[in-house]
Structure formats: structure tokens, C-alpha cells
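Asker: Following this note's numbering, the numbering of the sequence shown begins with 2 at its first residue and continues without gaps.
Beta carbons: idealized from backbone N, C-alpha and C, even for Gly.
Dropping the structure in here first, questions after.
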Amino acid sequence: MTQATDHELRPATIEDIARRYVAVWSEPDAGRRRAAIAALWAEDGVELVETARFRGHDELEARIAEAYDAFAGSGRYTVESAGDVFGNHNAVTFTVRLVTGGGDVAWAARVFLVLGEDDLIRYDYQFTVQPLEA
2 MTQATDHELR PATIEDIARR YVAVWSEPDA GRRRAAIAAL WAEDGVELVE TARFRGHDEL
62 EARIAEAYDA FAGSGRYTVE SAGDVFGNHN AVTFTVRLVT GGGDVAWAAR VFLVLGEDDL
122 IRYDYQFTVQ PLEA
């Protein structure tokens, strides 16, 4: 049985993690994006989406670069938080959205992060709450 952690995140840490998480998906420079990934996720951190799992910095880097090219890098969308960041012990949750130039939300997902004692992401779950229409 796994024990729950006594690790408590400070409110400023919670907000900072959410801000940096959203920013990494919009980072155009591959080197800065790689550094941002290393500063957010543990080396063996995992992102889980409905159809895939990405483990470690290399897989996360490829995943985020692909998403950047398709969405923010295309100029069709901006990536933003819905402003609903909440933390509880070693977990952070918030909604991330793709927003069109006209301000419409084209896609949204609830993000649930589980952090280690070092405040790095161990598990990153994304639950789509508004699918992207084709």
C-alpha cells in the first residue's frame, strides 16, 4: 500500500507550476522548451491522455513539440489557463484551453498533476472536457 505524502505546496508554487505548464505548450524555441520540460517534469514523469502515454523528457519533448506545431505554432490558437488553478497537498489541477483569435474556446482539458517532493511532475493526466472539432 502506498502512503500519502505530507508534502504541502505553497499557493505561489501552485500558481507558478500552472503558469509554467501552460507556457511550455506555447514555447517556440526548441531549446527553451526542452529546458522548461526538464524544469517541470521529473526525468521519468508521465503524461497520460485518453489515447496515449508519454514517459520521460524525450517523449514529452516530442509530444509537446508536435502539439506546438499543430496548435500554437500554426497561429490558429493560443494556449491558456481558464484561471481555475487549485492545489491540494502534492496535486495541482486546472483547465487548459486552446483559444481562437476570435476568443472562442476550441478545445479544453482538465489537467491533474501529481508532484514529487521536489515539486516536479510525476504524473500528468489530461481529461478532455471540450473536444476539438474537426
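Write down the C-beta distance between LEU41 and VAL25 rounded to the nearest angstrom, noting that I regard them as a contact closer than 8 Å.
Answerer: 6 Å
Asker: Taking only the alpha-carbon atoms, compute the straight-line gap between ASP120 and ASN91 and give it to the nearest angstrom.
Answerer: C-alpha separation (whole angstroms): 8 Å.
Asker: Starting from GLU48, trace the beta strand (DSSP E) in both directions and tell me its first and last residue.
Answerer: 42-50
Asker: Mapping DSSP to helix, strand and coil, what is GLY57?
Answerer: helix
Asker: Decide if the region 53-67 is in contact with the region 77-84; the criterion is three or more beta carbon pairs, one per stretch, under 8 Å apart.
Answerer: Of all C-beta pairs linking the region 53-67 to the region 77-84, fewer than three are shorter than 8 Å, placing the two stretches out of contact.
Asker: Write down every uninterrupted run of the alpha helix (DSSP H) in the region 57-118 whose length is 4 residues or greater and which is fully enclosed by it, in chain order.
Answerer: 57-71
Asker: Can you list, in chain order, the residues of its chain whose CB lies under 8 Å from that of LEU116, leaving out five sequence neighbours each side?
Answerer: For LEU116, where only same-chain residues beyond five positions count, the Cβ hits under 8 Å are HIS8, LEU10, ILE18, ASN91, ALA92, VAL93, ILE122 and ARG123.
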